[in-house]
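To start, the structure itself, in structure tokens.
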Amino acid sequence: GFVEEPVPAKQLNVKKEAEKIQEERRQNQSTCNQRLDKLCKASSGDAAGLEPYEIEQKFDNLFVYKNRALRASLLHYAILSASEKERGGCMETASDLVRRVLDARADVASKASYARGERVNEL
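Numbering (our numbering), first residue to last: 17 to 139.
Structure representation (structure tokens):
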């Protein structure tokens, strides 16, 4: 009969680490989506009760850029969302979402970053 080979411990650790990274990304994106939804429902120019740190907070592993985890803010996430697809809800266009984040006083000079070995690259 067929005998299943045991999976080496190293492979299991890599798989668990990958699952952990994916879960962290999902949680960070969910947090960003919740904040964007608040901005979506607010009147134009209103921060929708979001504190400045909630707008400027940097999230590790928010999305993948050049096959690396990108550290980025809500503004970067809104730009990515706008570039990838039209977002449903109360926005006429996905670019309206970016405008809402900017209207909430997001720092337009904010930089996203990713690590490449010891070096950190800013975008």
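Virtual Cβ for every residue (Gly too), placed ideally from N, Cα, C.
Non-local C-beta neighbours of Arg51 in its own chain, meaning closer than 7 Å and more than five positions away in sequence, comprise Leu66, Glu70 and Leu90, ordered along the chain. The distance from the Cβ of Lys74 to that of Ala88 is about 7 Å, consistent with a contact at the 8 Å cut-off. Our two residues, Lys127 and Val117, have alpha carbons roughly 15 Å apart in a direct line. Out of Ala131, Arg115, Val136 and Lys32, the CA that lies nearest to the CA of Val124 is found in Arg115. The criterion of a C-beta distance shorter than 7 Å is satisfied by Cys48 and Tyr93. Annotation for Glu138: the continuous beta strand (DSSP E) segment containing it runs Arg135 to Glu138. Distance between Gln45 and Phe79, taken at the CA atoms: about 8 Å.
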